[in-house]
Amino acid sequence: MFFDTPEDSSARVTFGPALKHLVVFQLKLGADALRDLLMSPLSIAVFVLDAIRKPALEDSLYLRLMVLGRRSDEYINLFDQYKDKGHFTMDEAIETVARMASEAHQEHQRKE
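Here the sequence shown stands for residues 1 to 112, where the numbers follow the UniProt record's numbering.
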């Protein structure tokens with residue numbers, strides 16, 4: 001990222017990498033907000049279902065939702081806390097899509 005502590009103390013923040021980081025961060029904020037909007041009513045629903053069903057702990061829908069929430073947090077990786085920890089993250093998905101778009105654009109230009 002553009003804000004990593006550089007070995008070279010003369011390194012500067014440059015517009016291109018900073019803009020890319022901003023766009024990725026905004027996408028991740030959107031994904032995080034959407035997840036929160038979905039999780040709020042779901043958490044209430046599964047809590048009520050668990051209260052009615054009284055399942056064993058390992059069958060609790062509420063606890064399963066909490067596990068899903070943790071996994072989605074790792075995937076969204078909002079503040080890069082899961083960087084290089086072996087988790088597939090949204091950053092990698094965005095990089096893959098960007099690379100595919102760049103390759104498609106280059107292929108299209110070659111055909112012209």
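Glycine included, every Cβ here is placed at the ideal spot set by N, Cα and C.
### Query
Can you name the start and end residues of the alpha helix (DSSP H) that Q109 belongs to?
The residue you call residue 109 lines up with position 109 of the sequence shown. M90 to K111 is the span of the alpha helix (DSSP H), which, as asked, contains Q109.
### Task
Would you decide whether T89 is buried or exposed? Buried here means 16 or more other CB atoms lie within 10 Å of its CB.
As a working mapping, residue 89 is identified with position 89 in the sequence shown. T89 comes out buried.
### Query
Which first and last residues belong to the alpha helix (DSSP H) in which Y62 is found?
Taking the sequence shown and counting its residues from 1, the one referred to as residue 62 is at position 62. From DSSP, the alpha helix (DSSP H) with Y62 extends over L61 to I76.
### Task
Output the distance between the C-alpha atoms of G16 and L42, rounded to the nearest integer angstrom.
Within the sequence shown, numbered from 1, the residue matching residue 16 stands at position 16. Within the sequence shown, numbered from 1, the residue matching residue 42 stands at position 42. So the two alpha carbons sit approximately 39 Å from each other.
### Message
Here's the rule: buried if 16 or more other CB atoms are within 10 angstroms of the residue's CB, otherwise exposed. What is M1?
### Response
Residue mapping note: residue 1 aligns to position 1 of the sequence shown, counting from 1. The pLDDT assigned to M1 is 46, lower than 50, so where the model puts this residue is not dependable; a value taken from the coordinates is nonetheless given after this. The residue in question, M1, is exposed, as its Cβ has fewer than 16 Cβ neighbours within 10 Å.
### Query
Which of the three DSSP states, helix, strand or coil, is assigned to S40?
On the sequence shown, residue 40 is found 40 positions in, with the first residue counted as 1. In this structure, S40 counts as helix in the three-state DSSP scheme.
#### Entry: Secondary structure of R53, DSSP reduced to three states
Your numbering for residue 53 matches position 53 in the sequence shown. DSSP places R53 in helix when its eight states are reduced to three.
### Query
Mind checking A11: buried by the 16 CB within 10 Å criterion, or exposed?
Within the sequence shown, the letter at position 11 stands for residue 11. When all chains shown are included, A11 counts as exposed.
### Query
Just checking my contact of L65 with V46 at CB under 8 Å: how many whole Å lie between their CB atoms?
Here residue 65 corresponds to residue number 65 of the sequence shown, with the count starting at 1. Here residue 46 corresponds to residue number 46 of the sequence shown, with the count starting at 1. Rounded, the Cβ-Cβ distance is 5 Å, consistent with contact.
### Task
Measure the C-alpha to C-alpha separation of I76 and H21 and round it to an integer number of angstroms.
The residue labelled residue 76 in the question sits at position 76 within the sequence shown. The residue labelled residue 21 in the question sits at position 21 within the sequence shown. When rounded, the distance between both Cα atoms is 14 Å.
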